[in-house]
Amino acid sequence: MSAPQRRPDAPQGDGPAARVYAPDFLTELFRNPLDPGYADAAARRRAAPPSGWRGRSARSVSLVVLVALGFLFAVAYRQTMAEEPGRSKARADLVAQIKEREAETDEMAARADRLREEVGRQRDAALSGSQASRLRRLEAGTGLGRVRGDGVVVRLADAPPKDDGAVTGSEGGPPRVLYTDLQKVANDLWAAGAEAVAINGQRLTATSTIRSAGAAILVDFRPVTGPYEVSAIGPGSLRDRFDDSRAAFLMRELVNSVGLSFQVREVEDLTLPAAPEPRLRYAEPSVSPSPSVSGSGVEGSSGPEPSGSGSSPSPSGGGR
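Just so you know, our numbering puts 292 at position 156 of the sequence shown, and the rest follows in order with no gaps.
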């Protein structure tokens, strides 16, 4: 109940002032929820009902509006259904082109491997035994040669979908494998002593990249799909050292928080393919400007000097 209020016309005598109490606003609101103006308008409508032509015109306008809306919806639906076969055909053509390009890429990669092996055989036949052995060791170390040995395989997979529709991954991130997870695993395998590493058959080298393009993960600009297997060849202590790494700890935390699948197993006689041949870029000396007349032949001038002099190499890479 509201606080008591003093009436303006209350007597101001020596005795206590008369008090009145205003009605409770909430009680009045629940008692009469409708504004008095609505009640007055309804009373006037009952006293003087609208003429027949006005009611008929309002119903006619409503009917016209409904017919127009129905016509627009019908035209939009028909146009959408008419364009659907074209969109479906375009989508099917794109999917077919992607699969065709992937098949061509795989075929060319297999052919490149066969040619690389043939070049290796011809090269070994032309070189002496020690030189060929040294070259094979260099290729294995740089990732350009196929290697074979004992190692470990780290398997990562997305979390299974929830049947109850519950949202997972709120604390540990999305319930799927990210490209950063593969980066951490590969880096810690190298740190644990791995001599060769591959992700889903893609050999890693010193210039390899692991990145994302939308929802896809690219290894050296080639997409890889889950489940992801990071294979590594190394010493016998490779698994124990990797189990103590930061990446293994984080992956086990993700297994508990978001439900990712993380497994590490030892494999005997593991074979890793060779990486594709890198695209070599050669530095070329820039065209030197002709010396000015004033600086020609003057000691300490800024003009170019003959090659083989004691000057510092140019920034373009013309010297070592």
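Here a beta-carbon is modelled for each residue, glycine too, at the ideal position from N, C-alpha and C.
Could you give the DSSP three-state label for A184: helix, strand or coil?
Translated into positions along the sequence shown, residue 184 becomes position 48. A184: coil per DSSP, three-state reduction.
What do you reckon, are the CB atoms on G362 and A295 nearer than 7 Å?
Residue numbering aside, residue 362 sits at position 226 when the sequence shown is read from its first letter. Residue numbering aside, residue 295 sits at position 159 when the sequence shown is read from its first letter. Going by C-beta atoms, G362 is not nearer than 7 Å to A295.
Alpha-carbon to alpha-carbon, A322 and L374:
The residue you call residue 374 lines up with position 238 of the sequence shown. The residue you call residue 322 lines up with position 186 of the sequence shown. So the two alpha carbons sit approximately 13 Å from each other.
When you compare only the Cα positions, how much space is there between A419 and S381?
Here residue 419 is taken as the residue at index 283 of the sequence shown, counted from 1. Here residue 381 is taken as the residue at index 245 of the sequence shown, counted from 1. For A419 and S381, the distance between alpha carbons rounds to 40 Å.
Identify every residue that forms a DSSP beta bridge with S367.
Taking the first residue of the sequence shown as 1, we reach residue 367 at position 231. Paired residue(s): V289, A334.
Can you tell me whether Y174 is buried or exposed? The criterion is at least 16 other CB atoms within 10 Å of its CB, across all chains shown.
Counted from its first residue, the sequence shown places residue 174 at position 38. It is exposed - the Cβ of Y174 has fewer than 16 other Cβ atoms within 10 Å.
Between V366 and L325, how many whole angstroms is the CB-CB distance? I'm expecting something under 8 Å.
One-based indexing of the sequence shown puts residue 366 at position 230. One-based indexing of the sequence shown puts residue 325 at position 189. At roughly 7 Å, the Cβ-Cβ gap stays under 8 Å, so V366 and L325 are in contact.
What would DSSP say about A342, mapped onto helix, strand or coil?
Counted from its first residue, the sequence shown places residue 342 at position 206. In this structure, A342 counts as coil in the three-state DSSP scheme.
From V403 to L230, what does the alpha carbon distance come to, in whole angstroms?
If you number the sequence shown from 1, residue 403 lands on position 267. If you number the sequence shown from 1, residue 230 lands on position 94. The straight-line gap from Cα to Cα measures roughly 40 Å.
In terms of alpha-carbon separation, which member of A276, G372, R181 lies closest to R284?
Taking the sequence shown and counting its residues from 1, one reaches residue 284 at position 148. It is A276 whose Cα lies nearest to the Cα of R284.
For R347, I'd like the list of residues in its chain whose CB is within less than 7 Å of its CB, leaving aside the five on either flank, ordered along the chain.
Looking up residue 347 in the sequence shown gives position 211. Taken in chain order, the residues that qualify are Y315, L354.
Cutting at 6 Å between CB atoms, please list the residues of its own chain near V290, excluding the five before and the five after it.
Locating residue 290 in the sequence shown gives position 154, where the first residue counts as 1. V321, V366, V400, listed in sequence order.
Measure the Cβ-Cβ separation of A482 and L408 and say whether it is below 7 Å.
No statement about residue 482 is possible, as the shown extent of the chain runs from 137 to 456 and does not include it.
DSSP-derived helix/strand/coil call for P359
The residue given as residue 359 occupies position 223 in the sequence shown. Strand at P359.
What would DSSP say about G305, mapped onto helix, strand or coil?
Indexing the sequence shown from 1 puts residue 305 at position 169. The predicted position of G305 is uncertain, since its pLDDT is 49 and thus under 50; no value can be drawn from it.
Limits of the alpha helix (DSSP H) - the one that L408 falls within
Along the sequence shown, read from residue 1 onward, the residue named residue 408 stands at position 272. That residue, L408, is in no alpha helix (DSSP H); its beta strand (DSSP E) goes 397-408.
Using the beta-carbon count (16 or more within 10 Å), is M387 buried or exposed?
Taking the sequence shown and counting its residues from 1, the one referred to as residue 387 is at position 251. M387 comes out buried.
Could you give the DSSP three-state label for S422: helix, strand or coil?
Position 286 of the sequence shown, counting from 1, holds the residue named residue 422. Correct three-state label for S422: coil.
For S348: DSSP bridge partner residues:
Here residue 348 is taken as the residue at index 212 of the sequence shown, counted from 1. Answer is I353, bridged to S348.
Let me know if R103 comes out buried or exposed under the rule of 16 or more other beta-carbons within 10 Å of its beta-carbon.
There is simply no residue 103 to check, as the chain begins at 137 and stops at 456 in what is shown.
May I ask you to report which of helix, strand or coil DSSP gives V201?
The residue labelled residue 201 in the question sits at position 65 within the sequence shown. It is helical.
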